[in-house]
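Residue numbers (this note's numbering): 51 to 385. Backbone N, C-alpha and C fix where the C-beta goes; we use that ideal spot for every residue, glycine too. Note that this is a predicted model, so its numbers are computed, not measured. The structure appears right after this line, and notes come after that.
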Ligand SMILES: [Zn+2]
Ligand SMILES: [Zn+2]
């Protein structure tokens, strides 16, 4: 089978490998659609602690069951499926307290290698985070289950109310998915970004306002400040600036992860006297995945609008070259 390996930063090779074998409690999926993501891009540009190099990469996908272990129930060969690449253990101290997204071994059994013709689905995922793809959902829409699960989790952490005015900073896939989920809940959302094309996509899929700068962005609230701000860029400078865009008593959700060891320094008065709440959000619980699945099934979201272009697996480097130049939102790798 063909599989894309990330060899080192800025170098992907498509290699030929034998089709992997499965255990009795696993499933082999023939990948039909895989999507590029911001995490993949980070790994491509500078390496990523959770994505070993050289090694397979890609984690947003959907496909068809090619082979099924004897011990697997609820699925059969030939079923079209949509899934995510991790699932919690259920036994660690975090899982026992219900913090499944913070499971101690979440990344141990993480499945990488969506940019491949076949991928083995681990038992944890088969049991908790794999679903039947409805016939009226395309494989490329089904591949959004993983990023959308992260967003569903983030929205719960943010806890928006209908009266809120929310500012999303960043027009990458995360910002644009956040926008769609918040709009599906009837919240007022402005989007701030630097890229004209991506801002026009934000406008097309439902942003109430789009802005190029923080000064302009405050207009939507008549200078009052946003009730909530979501940082979706993963840039230190934006993390620092975000707290000046919320009103007193507002919340800033720091959603775009920064490299471990990065230090951010805030004005204490802003946090204490102005009662700003800073929150982080990471990954998702099985409950979030189920909700994301229902959202995709509802067809309320314009997921295909976020796919800039399609490539074959042999052309995968082209997709990442474009992403590294800031071109495009997500690319579909068709298999
Ligand atoms: Zn992703
Ligand atoms: Zn656990």
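- With respect to residue 204, residue 290 sits apart: the two C-beta atoms are not nearer than 8 Å.
- Ligand 1 never approaches residue 333 closely enough for any of its heavy atoms to be under 7 Å from the residue's Cβ.
- Each residue's CA atom was taken as its position, placing residue 116 and residue 344 some 25 Å apart.
- Here residue 314 carries a coil assignment [DSSP, helix/strand/coil].
- A residue is listed when its beta-carbon falls short of 5 Å from at least one non-hydrogen atom of ligand 2; in chain order these are 138, 139, 142, 145, 153.
- A direct Cα-to-Cα measurement between residue 59 and residue 361 gives close to 20 Å.
- Within the region 245-304, the runs of beta strand (DSSP E) at least 3 residues long that lie entirely inside it are, in chain order, 259-261, 276-281, 296-304.
- Annotated three-state conformation of residue 379 is coil, per DSSP.
- Here residue 73 carries a coil assignment [DSSP, helix/strand/coil].
- Boundaries of the beta strand (DSSP E) around residue 330: 327-330.
- Annotated three-state conformation of residue 358 is strand, per DSSP.
- Looking only at 119, 168, 162, 130, the smallest Cα-Cα distance to residue 56 is reached by 162.
- Here residue 160 is not near residue 182, since their CB atoms are 8 Å or more apart.
- The beta carbon of residue 198 lies closer than 7 Å to those of 227, 342, 345, 346 in the same chain, with the five residues before and after it left out.
- Membership of residue 182 in the beta strand (DSSP E) is indicated by the continuous run 180-182.
- One residue list follows from the rule of a beta carbon closer than 6 Å to any heavy atom of ligand 1, given in chain order as 87, 89, 109, 110, 196, 197.
- Per DSSP, reduced to three states, the secondary structure at residue 164 is coil, with no helix or strand assignment.
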